[in-house]
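Only one structure is covered here, and it is reproduced in the block below.
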Amino acid sequence: MRAMQFERFGAPEVLAEAEVPDPVAGPGETLVEVEAAGVNFGDIKHMAGEHTDGPYAPKGPLPHIPGMEVVGRTADGRRVLGYVQQGGYAAKTVVADRDLVSMPPGVSAGAALALLVQGLTAWHVLRSVARVRPGESVVVHAAAGGTGSLAVQLAREFGAGRIIATASSGEKRAFALELGADAAIDGEAEGYKERVLDANQGRPVDIILDAIGGPVLDSAVDTLGYLGRLVTYGASSRKAASALAPERLAVESIGVAGFWLVPLIARNGVGGPALEELLDLTARGRLRPLVGAEYDLARARDAHEDLLGRRTKGKLVLRP
1 MRAMQFERFG APEVLAEAEV PDPVAGPGET LVEVEAAGVN FGDIKHMAGE
51 HTDGPYAPKG PLPHIPGMEV VGRTADGRRV LGYVQQGGYA AKTVVADRDL
101 VSMPPGVSAG AALALLVQGL TAWHVLRSVA RVRPGESVVV HAAAGGTGSL
151 AVQLAREFGA GRIIATASSG EKRAFALELG ADAAIDGEAE GYKERVLDAN
201 QGRPVDIILD AIGGPVLDSA VDTLGYLGRL VTYGASSRKA ASALAPERLA
251 VESIGVAGFW LVPLIARNGV GGPALEELLD LTARGRLRPL VGAEYDLARA
301 RDAHEDLLGR RTKGKLVLRP
């Protein structure tokens, strides 16, 4: 079968097209003919060899086929969405049954792929970690990105009272407002507190969803109100935040929690009410995943370079 693989760790240029044997499903697994595969920063980290242990660690000897998300069909004709630790950049792949869900009619491959990692992350940071309640104010950092754009929409769906989006450009802020945010502001650390409080009509906020880290996280904590919660699920700034003293958390009655999707999938699989709700909301037109460019599988290297160069918007899709 046709696949993209790498024989050594490195930058996108290590990816090369190859003919490889078809995978064989074992007990508790299903063979899927791939219609589309999603592209993630995790794929790039896998290729770079950045993770030597933990959930992203490469499995088995080289060469490897990267790719964590696939949409395709099973031998009995079911159209499915699946999560794999590696092996998605191929014409066929094997998926554990607990990481495979049937797709409802009317959901595109790109939209479904956007729901798997980014959508589940947005759902869990709001529901499982922040435990958003109706009427609460929610600040979403990087609100025009894959996870942020879904978090804005889900916060509205879950009954948030006021949604404040942060984004780096006027175009992105306008997009966040289109998705349902009540206000959209610049997310830079300098002047952050004043902008957020002004956007929340002078009041401290209840929930902040942060994937930036560094000075932005430090500034965000200063805007939390009584029993406010900040959830960190990434650090795109690649800068360290100041250590938060436990005494401050206690005195101000605020909480800071973290979330990473991969360990949750390792424990429970992707199936369950979260993904079912995301797919249902999308099928009914209540949730709009942001889908970006599509590439032929042989151009996977170009997709990685575009992602690294921040030239993309929305979920990138490979077509075998």
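Quick note on full-length UniProt numbering: the sequence shown kicks off at 1 and runs consecutively.
We put the beta carbon where it would ideally sit given N, CA and C, even for glycine.
Review point. Expressed to the nearest angstrom, what Euclidean distance is found between the alpha-carbon atoms of PRO263 and GLN118?
Key: 15 Å
Practice item. May I have a chain-ordered list of the alpha helix (DSSP H) segments no shorter than 4 residues that lie completely inside the segment 175 to 242? Key: 192 to 199, 214 to 221
**Study point:** DSSP three-state assignment for GLU17, whether helix, strand or coil
**Key:** Residue state, collapsed to three classes: strand.
Review point. So what does DSSP say about SER149, is it helix, strand or coil?
Key: In the structure shown, SER149 sits in a helix (DSSP, three-state: H, G or I).
Exercise for review: Pick out whichever of HIS64, LYS172, VAL101 has its Cα sitting closest to the Cα of ARG79.
Suggested key: Among HIS64, LYS172, VAL101, the Cα nearest to that of ARG79 belongs to VAL101.
Check your understanding: Going along the chain, which residues of its own chain have a beta-carbon closer than 6 Å to the beta-carbon of GLU29, five neighbours each way excluded?
Key -> VAL94, ALA96
Review point. Is DSSP giving LEU141 helix, strand or coil here?
Key: For clarity, residue 141 is His in the given sequence; the question names Leu instead. Three-state DSSP puts HIS141 in coil, outside helix and strand.
Review point. Going straight from the alpha carbon of ASP302 to that of PRO12, what length do you get?
Key: Spanning the two alpha carbons is a distance of roughly 8 Å.
Review point. Can the beta-carbon of VAL111 be found closer than 8 Å to that of LEU318?
Key: Contrary to the premise, residue 111 reads as Ala rather than Val in this sequence. No; because the gap between Cβ atoms is not below 8 Å, this pair is not in contact.
Point to revise | Close Cβ partners of ALA189 (< 8 Å) along its chain, the five nearest in sequence each way excluded | key: In chain order, GLY214, PRO215, VAL216, ASP218, SER219 place their CB closer than 8 Å to the CB of ALA189, counting only its own chain and leaving out the 5 sequence neighbours on each side.
Check your understanding: Between PRO23 and VAL32, what straight-line distance do the alpha-carbon atoms span, to the nearest angstrom?
Key -> 10 Å
Check your understanding: So, GLU69 versus LEU116, is the Cβ gap smaller than 8 Å?
Key -> yes
**Study point:** Contact check, ALA274 vs HIS124, beta carbons under 8 Å
**Key:** One thing to note: ALA274 has its Cβ within 8 Å of the Cβ of HIS124.
Check your understanding: Can you tell me whether DSSP reads LEU116 as helix, strand or coil?
Key -> Helix at LEU116.
Exercise for review: Assign ASP206 to buried or exposed, taking buried as 16 or more other Cβ atoms, counted over all protein chains shown, within 10 Å of its Cβ.
Suggested key: Result: buried.
Practice item. Consult DSSP for PHE41 and reduce its assignment to one of helix, strand or coil. Key: helix
**Study point:** LYS172 - DSSP class collapsed to helix/strand/coil
**Key:** DSSP places LYS172 in helix when its eight states are reduced to three.
Practice item. With a cut-off of 8 Å on the beta carbons, I'd call PHE158 and HIS64 a contact; round off their distance for me. Key: About 38 Å separates the two Cβ atoms, so there is no contact after all.
Exercise for review: Would you grab the beta carbon distance between VAL291 and ALA114 for me? Rounded to a whole angstrom, and I think it's under 8 Å.
Suggested key: 6 Å
Exercise for review: Answer yes or no: do THR166 and HIS141 have a C-beta to C-beta separation smaller than 8 Å?
Suggested key: With contacts defined as CB atoms closer than 8 Å, THR166 and HIS141 qualify as a contacting pair.
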